[in-house]
Amino acid sequence: MFIDLLSTSRETWLILAAVASLAYLASRLNIYLKLRHIPGPQWTGLSDIPHIRAFLSERCCEWYASVSETYGPIARVGPNTVLTSSAEFWESVNVKPGYKRSKWFYNAARFDWRRDNCFTMIDVEQHDARRKMMAPGYSGRENLELERDVDTCVAKLVQLVGSYADNRKNGAFDLANKLQFLTLDVIGLVGFGKSFGLLDVDADPHEFVRSTEAGLRRINKLMALGLSWTNRVPFLGPSVEPDAEKATGFDKMLATSSDMVGAREKAFRKNLESSTTKTAERADMLASFMRNGLFGDELKTESLLQIVAGSDTTAGSLRGTMLYLMAHPRVYRALQDEIDAAVRAGKAPSAESGEVITYAQTKALPYLQAVVREGIRIFPPLTDPFARDVQAGGDTVVIDGQEVFLPVGVSVIPSWTAMHRDRKLYGADADLFRPERWLESEQPDADRLRAMRRTNDLMFGHGKYTCLGKPVALIEIHKTVFELIRHFEWGLVNPVNPWKAASLMGLWSIKDMYVQAARRLPSGA
Numbered sequence: 032m033f034i035d036l037l038s039t040s041r042e043t044w045l046i047l048a049a050v051a052s053l054a055y056l057a058s059r060l061n062i063y064l065k066l067r068h069i070p071g072p073q074w075t076g077l078s079d080i081p082h083i084r085a086f087l088s089e090r091c092c093e094w095y096a097s098v099s100e101t102y103g104p105i106a107r108v109g110p111n112t113v114l115t116s117s118a119e120f121w122e123s124v125n126v127k128p129g130y131k132r133s134k135w136f137y138n139a140a141r142f143d144w145r146r147d148n149c150f151t152m153i154d155v156e157q158h159d160a161r162r163k164m165m166a167p168g169y170s171g172r173e174n175l176e177l178e179r180d181v182d183t184c185v186a187k188l189v190q191l192v193g194s195y196a197d198n199r200k201n202g203a204f205d206l207a208n209k210l211q212f213l214t215l216d217v218i219g220l221v222g223f224g225k226s227f228g229l230l231d232v233d234a235d236p237h238e239f240v241r242s243t244e245a246g247l248r249r250i251n252k253l254m255a256l257g258l259s260w261t262n263r264v265p266f267l268g269p270s271v272e273p274d275a276e277k278a279t280g281f282d283k284m285l286a287t288s289s290d291m292v293g294a295r296e297k298a299f300r301k302n303l304e305s306s307t308t309k310t311a312e313r314a315d316m317l318a319s320f321m322r323n324g325l326f327g328d329e330l331k332t333e334s335l336l337q338i339v340a341g342s343d344t345t346a347g348s349l350r351g352t353m354l355y356l357m358a359h360p361r362v363y364r365a366l367q368d369e370i371d372a373a374v375r376a377g378k379a380p381s382a383e384s385g386e387v388i389t390y391a392q393t394k395a396l397p398y399l400q401a402v403v404r405e406g407i408r409i410f411p412p413l414t415d416p417f418a419r420d421v422q423a424g425g426d427t428v429v430i431d432g433q434e435v436f437l438p439v440g441v442s443v444i445p446s447w448t449a450m451h452r453d454r455k456l457y458g459a460d461a462d463l464f465r466p467e468r469w470l471e472s473e474q475p476d477a478d479r480l481r482a483m484r485r486t487n488d489l490m491f492g493h494g495k496y497t498c499l500g501k502p503v504a505l506i507e508i509h510k511t512v513f514e515l516i517r518h519f520e521w522g523l524v525n526p527v528n529p530w531k532a533a534s535l536m537g538l539w540s541i542k543d544m545y546v547q548a549a550r551r552l553p554s555g556a
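As C-alpha cells, this is what we get:
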C-alpha cells in the first residue's frame with residue numbers, strides 16, 4: 032500500500048515537473064519569437080547572460096557600441112530588450128505617451144532603496160509633480176547665487192592647481208580627483224548652501240568620492256545579477272538610518288547628506304513658525320525645494336541624487352574634454368588662441384583680475400562652445416540604459432526608413448556612444464575629436480547642424496525627462512574649461528594609460544588621471 036502511494040506520488044510530481052518545464056519553455060519560446068525580426072548577438076534571444084556579462088565587465092557602453100556597429104541602429108541584446116543608436120527613435124521614446132521607465136533598471140538605481148527620487152520614478156504623474164517642485168531651484172529662478180557659487184568653486188580649483196604648478200614636484204597630480212572635488216563643492220554650495228570644502232583642504236575627509244564609487248559598484252553588480260531586491264532585506268541591504276560617524280562607504284554619504292538636509296529643514300521650519308522677524312533664507316536649491324513643498328524623506332532622497340548624479344556626470348564631461356584636449360595639440364592651441372584673443376579684446380576678464388569668466392561671455396566664444404559639445408559627443412558622460420518599456424498595444428517605429436514593430440513591454444535602451452558617433456550624421460570622421468564640425472562657418476548644411484545639436488542635447492534627456500541639472504552643468508563645464516586652459520599648460524603623465532575608468536550604473540568612475548600643469552604667462556603672452 033505504502034509503495035503504491037509512493038509510486039503514485041512520484042508520478043504526480045514528475046507530471047507536474049514536466050508541465051512546469053513545458054510551460055517555461057513555451058514562455059521562453061514566445062518571448063524569443065516576438066522579437067525574432069530584430070538581429071542581435073548570439074544567444075541574446077534566449078538569455079540575458081551576454082547583457083549581464085557586459086554590465087559586470089564595467090564597460091557595458093563598449094559592448095553596446097560594438098553591437099550597434101555590427102547589427103545596426105536597432106538590435107536585440109536580451110530576450111525582451113532592444114538597443115538603439117537612432118537619435119530620432121530615442122527622442123520619440125521620451126515624448127510618446129505610454130512609454131514608461133523600466134523597473135529592472137530604475138528600481139535598482141535608487142540611491143535610497145526605500146523610496147524613489149525624481150530620476151527613478153516610474154509613475155509619470157508622480158514624476159511630473161516632483162519635477163514641478165524642483166525645477167525652479169535648478170533653473171536659477173529661485174537660486175540667484177547659482178553662477179556666483181560656481182565662480183567661487185572654479186576660482187578655488189584654479190588656486191589649487193596653481194599650488195601644484197608652483198610648489199610641488201613637476202606639478203603632477205590626479206586631475207580626475209580634483210575635478211570631482213570641484214563638482215562636489217559646487218553641488219554643496221548651490222544645492223545645500225555650504226561647500227563640502229574638498230578644494231580647500233585638497234582631500235575628501237567624508238570619503239564622498241570613495242563612497243560614491245563603492246555604492247555604484249555594488250548597485251551595478253546587484254542590478255546585473257537581478258539581485259537589487261536584496262537591498263530591502265534586513266541585514267543584507269543598506270542601513271535604514273546609518274550613523275554618519277560610524278558608517279562607511281555609500282552609507283556614509285547617505286548619512287552625511289541626510290544630516291545636512293535635516294539641519295537645514297529644521298532651521299527653515301523654525302523660521303516659518305517664528306513670530307519675530309524672519310531671518311533671510313539663503314537662495315539655494317534646498318531652500319527652493321522647501322519653498323515649493325518638498326520636505327522630509329523626499330527632500331533627503333532628492334538631495335542625495337544631487338550629490339551623486341550632479342557631481343559624477345559633470346566631472347565625467349570635464350575629464351573627457353580635458354583628456355581629449357591634451358591628446359590633440361591642434362585643438363588645444365586653437366582653443367587657447369581664442370581664449371587669449373578674448374582676453375586681449377576685453378571680452379573676458381584678464382587672469383590678473385582674479386575674476387572668472389561669466390557664462391554669458393562663454394557663449395560669445397564659438398570654439399569653446401564647439402569644444403564642449405565635441406567633448407560631450409566623443410566621450411558621453413552617461414553610459415546607463417535609461418531603459419523604457421514599450422507602450423500598451425506595442426509601437427511601430429521607423430528606423431533608417433524601415434518599419435519595425437515592438438511588442439508591448441519590450442525594454443528599449445540607447446547606445447550613447449554609437450548614437451554620438453553616427454557617421455551618417457557626423458561624417459566619416461565621427462570617431463575623431465574635431466570641434467570644427469560644430470562651427471557654422473565649417474558646416475554649410477544648416478539642417479544637418481541642427482540635427483547634430485539636437486542629438487548632442489539628448490545627453491541631457493528630452494521632453495519631460497530633460498535633466499534638471501543641465502543649466503548648472505553647462506555653466507560649470509564652460510567656465511572650468513576656459514579657466515583651466517587660460518591659466519595653465521597641460522600634459523599627460525602617462526599618455527599610453529591616461530586613466531582608470533569604469534562604467535557603474537551608467538556613471539563614469541574615473542581615477543588616476545595624472546597630469547602636469549605649468550602656469551602660463553598673463554594672457555598667453
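Add 31 to the 1-based position in the sequence shown for our numbering, that's all there is to it. Using N, Cα and C, we set each Cβ at its ideal position, and we do this for glycine too.
{"Asked": "Counting only runs of 4+ residues fully inside the segment 294-374, write out the alpha helix (DSSP H) ranges in chain order.", "Found": "316-322, 327-336, 342-358"}
{"Asked": "Please state whether DSSP places Tyr130 in a helix, a strand or coil.", "Found": "coil"}
{"Asked": "Report yes or no: is there a C-beta of chain B within less than 8 Å of the C-beta of Lys301?", "Found": "Considering every chain present, this structure includes no chain B. It has just one protein chain."}
{"Asked": "Could you check the C-alpha separation between Met353 and Leu515 for me, to the nearest Å?", "Found": "9 Å"}
{"Asked": "Look up Leu437 in the DSSP assignment and say whether it is helix, strand or coil.", "Found": "strand"}
{"Asked": "For Met490, which of Gly222, Asp371, Ser348 has the nearest alpha-carbon?", "Found": "Ser348"}
{"Asked": "Within the continuous alpha helix (DSSP H) that includes Ser170, where are the two ends?", "Found": "155-170"}
{"Asked": "Compare the beta carbon distance of Ser288 and Lys331 with 8 Å and say whether it is the shorter of the two.", "Found": "yes"}
{"Asked": "Tell me which residue opens and which closes the beta strand (DSSP E) that Ala609 is part of.", "Found": "As shown, the chain starts at 32 and ends at 556. That puts residue 609 outside it, with no answer to give."}
{"Asked": "Using alpha carbons as the reference points, say which of Phe417, Pro438, Ala418 lies closest to Thr427.", "Found": "Pro438"}
{"Asked": "Taking 7 Å as the limit between beta carbons, can you name the residues of its chain near Lys134, skipping five residues before and five after?", "Found": "Ile153"}
{"Asked": "Kindly indicate which residue of Ser259, Arg408, Met544, Val403 has the alpha-carbon position closest to the one of Phe142.", "Found": "Ser259"}
{"Asked": "Nearest-angstrom Cα distance between Thr414 and Ser446?", "Found": "8 Å"}
{"Asked": "If you draw a straight line from the alpha carbon of Asp205 to that of Val546, how long is it in whole angstroms?", "Found": "6 Å"}
{"Asked": "With C-beta atoms as the reference, is Tyr398 less than 8 Å away from Leu356?", "Found": "no"}
{"Asked": "Output the residue ranges of the beta strand (DSSP E) runs that lie fully inside the segment 423-470 and measure 3 residues or longer, sorted by chain position.", "Found": "426-430, 433-437, 442-445"}
{"Asked": "Figure out for me which residue from Val124, Val221, Ala358 has the closest Cα to the Cα of Gly492.", "Found": "Val124"}
{"Asked": "Could you please give the first and the last residue of the uninterrupted alpha helix (DSSP H) stretch that includes Lys252?", "Found": "239-255"}
{"Asked": "Based on DSSP bridge pairs, tell me the residues matched to Met532.", "Found": "Position check: residue 532 holds Ala in this sequence, whereas Met was assumed. Looking at the DSSP assignment, Ala532 forms a beta bridge with Ile541."}
{"Asked": "May I ask you to list the residues that DSSP assigns as paired with Ala203?", "Found": "Gln547"}
{"Asked": "Counting only runs of 3+ residues fully inside the segment 70-126, write out the beta strand (DSSP E) ranges in chain order.", "Found": "105-109, 112-115"}
{"Asked": "When burial is assigned at 16 or more other CB atoms within 10 Å of the CB, is Phe150 buried or exposed?", "Found": "buried"}
{"Asked": "Taking 8 Å as the threshold (C-beta atoms), are Ser116 and Pro502 in contact?", "Found": "no"}
{"Asked": "How is the alpha helix (DSSP H) around Glu507 delimited, first residue to last?", "Found": "501-518"}
{"Asked": "Excluding sequence positions up to five away, which residues of its chain have a Cβ less than 8 Å from the Cβ of Ala203?", "Found": "Tyr195, Val524, Tyr545, Val546, Gln547"}
{"Asked": "What separation, rounded to the nearest whole angstrom, lies between the Cα atoms of Leu336 and Trp121?", "Found": "24 Å"}
{"Asked": "Between which two residues does the alpha helix (DSSP H) harbouring Gln400 extend?", "Found": "397-409"}
{"Asked": "Once you ignore the five residues that flank Arg452 on each side, which residues in its own chain have a CB closer than 7 Å to its CB?", "Found": "Ala461, Asp462"}
{"Asked": "Would you mind reading off the limits of the alpha helix (DSSP H) that contains Asn198?", "Found": "177-198"}
{"Asked": "Would you mind working out which of Tyr95, Tyr390, Lys252, Val292 sits nearest Met536, comparing C-alpha positions?", "Found": "Lys252"}
{"Asked": "So what does DSSP say about Gly492, is it helix, strand or coil?", "Found": "coil"}
{"Asked": "Roughly how many angstroms lie between the CA atoms of Tyr496 and Asn198, to the nearest whole one?", "Found": "46 Å"}
{"Asked": "Less than 8 Å between C-beta atoms, sequence neighbours within five positions excluded: which residues of the same chain meet that for Ile21?", "Found": "Because the chain here runs from 32 to 556, residue 21 falls outside it and cannot be looked at."}
{"Asked": "Going along the chain, which residues of its own chain have a beta-carbon closer than 6 Å to the beta-carbon of Arg295, five neighbours each way excluded?", "Found": "Leu317"}
{"Asked": "Which residues in the same chain as Gln400 place their Cβ atom closer than 8 Å to its Cβ, once the five residues preceding and following it in sequence are excluded?", "Found": "Thr393, Lys394, Trp469, His509"}
{"Asked": "How should Pro104 be labelled, buried or exposed, when 16 other C-beta atoms within 10 angstroms of its C-beta is the threshold for buried?", "Found": "buried"}
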